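Remarks on the structure that follows.
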Amino acid sequence: MVNRISKALRGAAGAIALAGVAAVGAMGPSAAGEDGFNDPVISTQNSRTIRGERYIPGINISPDGCEIWVMDDGVEGYAVSRVTPDGRPVCRDVNVCGTLNTDQYFATDSYRISPQGRANLQSFFRNGTAFGYIITGHTDARASIEYNRTLSYNRANAVAAVAQSTGARIIDVRGYGEDFPVATNTTALGMSKNRRVEILCVR
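Positions -32 to -1, 1 to 171 (mature numbering (1 follows the signal peptide of the UniProt record, and there is no 0)) are the ones given, in order, by the sequence shown.
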């Protein structure tokens, strides 16, 4: 009986999640209010997905490109409408379609995007053809792990806010700090390559 109820709930919640993914804004840690953004656009990182007594699903993309909705009570499922004849979900392609050198878009220790950087991003997202975007922030290895994760998250969220202002669909926002370097952190050049915000296109 419990399994039947759980399956029915998953089906109903899946339809709600798929219909409302673009309009849902998840609550998360407040940015410092430096540029007027006090809440993240949407994120499964450090987020609460319940307001009052109404469940709000979070949407994530698995490594194989499948959309997954997750409710606060642990119910989850694939948020896809396309399946193979044998019932397997047809997932989307995910690839890095843009990399921002944060030294060019942000001042040191800041997540306020420069006016020129904002214009460049608006043009990028207005001309984009992706189904949605995942925005990830990265830093070099200076400062503490927690500080770097917070800074990278705030910068990624600032980029996501620009994207959303153009009508682009933001699926997730993540701040990885220094966890995924693309170059050495022992040279100035290497650290500058690690200070980046990546835009992943979901197609």
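Beta carbons: idealized from backbone N, C-alpha and C, even for Gly. Predicted model, so just to flag it, every value in this text is computed and none were measured.
Between T107 and N116, the CB-CB gap stays under 8 angstroms. As far as DSSP is concerned, T134 takes part in no beta bridge. Within the stretch 88 to 143, the complete beta strand (DSSP E) segments at least 3 residues long are 100 to 106 and 138 to 143, listed from N- to C-terminus. Judged by DSSP secondary structure, T70 falls outside any beta strand (DSSP E) and instead within the alpha helix (DSSP H) spanning T70 to Y73. If you draw a straight line from the Cα of N69 to the Cα of V150, it is about 12 angstroms long. Distance from the Cα of S91 is smallest, within the candidate group R110, A75, G66 and R171, for G66. Residue state for G55 is assigned as coil, using DSSP reduced to three classes. The three-state secondary structure of G145, taken from DSSP, is coil.
With the rule of 3 Cβ pairs closer than 8 angstroms, the stretch 145 to 160 does not count as touching the stretch 82 to 99. The Cβ neighbour count for D77, taken over all protein chains shown within 10 Å, is under 16; the residue is labelled exposed. The Cβ atoms of L89 and A131 sit closer than 8 angstroms to each other. When the Cα atoms are used, T118 and G55 turn out to be separated by approximately 40 angstroms.
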